[in-house]
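These notes concern the structure reproduced below.
Numbering (this note's numbering), first residue to last: 3 to 144.
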């Protein structure tokens, strides 16, 4: 297992300890959107104007509990393979995916995650993929 090392500088030990002790207010929040969107998803947002203007200007994107559960169920479950092929990916992506599947503790693997992401991609973009195949095969006929 010597090949599966994660850069320790990318690990926030304090956040991990807070998550384990359920004291982390960053759970369910990612960087990107405004705090007003967070208030819509959190049950305690209806308090008497407790949200300050300073909070509303800080960027963050809330992820609901349902969205998080759906993501875990879709991409971070174990999946057996019957017919395998080798795939090479960028080292930095491998490290990020390894860290992601490692925190679930569910036996998920990098290859399982990549497989599920690709399945999801082909399902969501089936029309575009089909159009590309049609375009290619039409060009061969002419």
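From the three backbone atoms N, C-alpha and C, an ideal C-beta is built for every residue, glycine too. Fair warning: this is a prediction, and the values are worked out from it, not measured in the lab.
Check: Between residue 9 and the rest of its own chain, which residues show a CB-CB distance below 8 Å, the 5 nearest in sequence each way excluded?
Finding: 97
Next item on the list: Would you identify the three-state DSSP class for residue 64, choosing helix, strand or coil?
Entry: strand
Check: Looking at the structure shown, is residue 12 part of a helix, part of a strand, or coil, going by DSSP?
Finding: helix
Check: Relative to the C-alpha of residue 11, which residue among 101, 128, 87 is closest?
Finding: 101
Note to self: One question on the structure: do residue 103 and residue 110 come within less than 8 Å of each other, judged by their Cβ atoms?
What the structure shows: yes
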